[in-house]
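Since the structure comes first, as structure tokens, the remarks are kept for the end.
Residue numbers (the UniProt record's numbering): 1 to 338.
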């Protein structure tokens, strides 16, 4: 793809422009005059990021930190193990791209959409042009990450109610003064972007943080993917429930087995306790059977839930590999994987 994924008529941020200066391809911001009695102001920094100059020689480092998802790309062959199909309700704003669409219990992390990704000039100058100050292969990686990031918003904001939620002041995900119709006009260009054009991380939607933390230990050799609890007390509190459950389970098992053994000695020493001994032994055996059934039920429930998710993931993976339709991005049509 040698052109930005949307045209200038659809861009939502129009203050960036590219031009030729002494044969060089340059990018600059147009002067803005909000009050008639003041001279126009020219800004030379990335929209929404005053710390980053447009001509910063290290802008590739900044964009890599803002867009790249290296750890998840490395985990991409195994992400089907941590993907999930439904959406939690509580939105937590994050600036880390590797936490975008990662959920933990009732919370989901979402990275806000930067202004500069809505500019045609930004895409043309930094991510598409052969004269970009960002060299390949990093430029191609950033372009794929940006395409995947914007495609995620194409599926996050499907209705007007989603748009209003994204514009809410408590967790603003979209820039101010963006209208719903204009946003849809731009973002629908990304609905048909194929997996072959985005970073491997964006082949999947939401990811479970608990499973990412688990598999990061095995596949990335990291203690955690993202640390959730900041205090040791909260961290160890997670183990109280399972420990108490196992303690109660083994206590009942040992007590029941002790009763069975004690009853046998009681019958041999005093026949008058035979009836009570039989009842005690029968109840102890019944308790052991109930515990066995309960444990089997929990294991069966775990296997059933895990099997459904694995089956869903494998079916979705098979469907994606079987279908290779042509993808239209902007004014271009490309086959999948190109």
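From the three backbone atoms N, C-alpha and C, an ideal C-beta is built for every residue, glycine too.
All values reported here derive from a predicted model rather than from experimental measurement.
Among the options, the one whose alpha carbon lies nearest that of residue i
{"i": "residue 104", "options": "193, 92, 258", "result": "92"}
{"i": "residue 153", "options": "170, 133, 100", "result": "100"}
{"i": "residue 216", "options": "137, 95, 4, 71", "result": "71"}
{"i": "residue 17", "options": "188, 122, 75", "result": "122"}
{"i": "residue 74", "options": "236, 240, 202", "result": "202"}
{"i": "residue 54", "options": "132, 283, 224", "result": "132"}
{"i": "residue 248", "options": "237, 291, 238, 147", "result": "291"}
{"i": "residue 280", "options": "257, 299, 301", "result": "257"}
{"i": "residue 107", "options": "274, 246, 228", "result": "228"}
{"i": "residue 178", "options": "118, 200, 171", "result": "118"}
{"i": "residue 261", "options": "277, 246, 289", "result": "277"}
{"i": "residue 209", "options": "289, 226, 298, 194", "result": "226"}
DSSP-derived helix/strand/coil call for residue i
{"i": "residue 59", "result": "helix"}
{"i": "residue 137", "result": "coil"}
{"i": "residue 21", "result": "strand"}
{"i": "residue 109", "result": "strand"}
{"i": "residue 174", "result": "coil"}
{"i": "residue 126", "result": "helix"}
{"i": "residue 228", "result": "coil"}
{"i": "residue 326", "result": "Confidence at residue 326 is low in this model, with a pLDDT of 47, below 50, so the placement of that residue should be treated as unreliable; the coordinate-derived value is given next. If DSSP states are grouped into helix, strand and coil, residue 326 belongs with the strands."}
{"i": "residue 53", "result": "strand"}
{"i": "residue 95", "result": "coil"}
{"i": "residue 332", "result": "Residue confidence is low: residue 332 scores 47 on pLDDT, short of 50, so the model does not pin down where it sits. Its coordinate-derived value is still stated next. Strand."}
{"i": "residue 12", "result": "coil"}
{"i": "residue 83", "result": "strand"}
{"i": "residue 202", "result": "helix"}
{"i": "residue 90", "result": "strand"}
{"i": "residue 208", "result": "strand"}
{"i": "residue 337", "result": "Here residue 337 scores only 45 on pLDDT, less than 50, and its place in the model is too uncertain to base an answer on."}
{"i": "residue 233", "result": "helix"}
{"i": "residue 142", "result": "helix"}
Cβ neighbour criterion (16 or more within 10 Å) applied to residue i
{"i": "residue 10", "result": "buried"}
{"i": "residue 191", "result": "exposed"}
{"i": "residue 109", "result": "buried"}
{"i": "residue 69", "result": "buried"}
{"i": "residue 140", "result": "exposed"}
{"i": "residue 20", "result": "exposed"}
{"i": "residue 296", "result": "exposed"}
{"i": "residue 98", "result": "buried"}
{"i": "residue 234", "result": "exposed"}
{"i": "residue 27", "result": "buried"}
{"i": "residue 346", "result": "Outside the displayed range of the chain (1 to 338) lies residue 346, so it cannot be described from this structure."}
{"i": "residue 151", "result": "buried"}
{"i": "residue 240", "result": "exposed"}
{"i": "residue 78", "result": "exposed"}
{"i": "residue 96", "result": "exposed"}
{"i": "residue 326", "result": "At residue 326, the pLDDT of 47 sits below 50, so the modelled position is not reliable; the number obtained from the coordinates is stated separately. That one is exposed."}
{"i": "residue 193", "result": "buried"}
Contact under 8 Å by Cβ, residue i with residue j
{"i": "residue 198", "j": "residue 144", "result": "yes"}
{"i": "residue 50", "j": "residue 115", "result": "no"}
{"i": "residue 372", "j": "residue 186", "result": "Past the edges of the chain, shown from 1 to 338, lies residue 372, and the structure says nothing about it."}
{"i": "residue 149", "j": "residue 25", "result": "no"}
{"i": "residue 64", "j": "residue 142", "result": "yes"}
{"i": "residue 47", "j": "residue 15", "result": "yes"}
{"i": "residue 113", "j": "residue 60", "result": "no"}
{"i": "residue 189", "j": "residue 5", "result": "yes"}
{"i": "residue 82", "j": "residue 254", "result": "no"}
{"i": "residue 76", "j": "residue 242", "result": "no"}
{"i": "residue 183", "j": "residue 163", "result": "yes"}
{"i": "residue 8", "j": "residue 29", "result": "no"}
{"i": "residue 157", "j": "residue 146", "result": "no"}
Beta-bridge pairing of residue i - partner residues as DSSP gives them
{"i": "residue 169", "result": "Beta-bridge pairing links residue 169 to no other residue."}
{"i": "residue 104", "result": "107"}
{"i": "residue 28", "result": "17"}
{"i": "residue 289", "result": "DSSP, once it has assigned bridges, lists no residue as partnering residue 289."}
{"i": "residue 295", "result": "Answer is none; residue 295 lacks a bridge partner."}
{"i": "residue 191", "result": "Looking at the DSSP assignment, residue 191 forms no beta bridge with any residue, so it has no partner."}
{"i": "residue 281", "result": "Paired residue(s): none; residue 281 is not in a bridge."}
{"i": "residue 46", "result": "49"}
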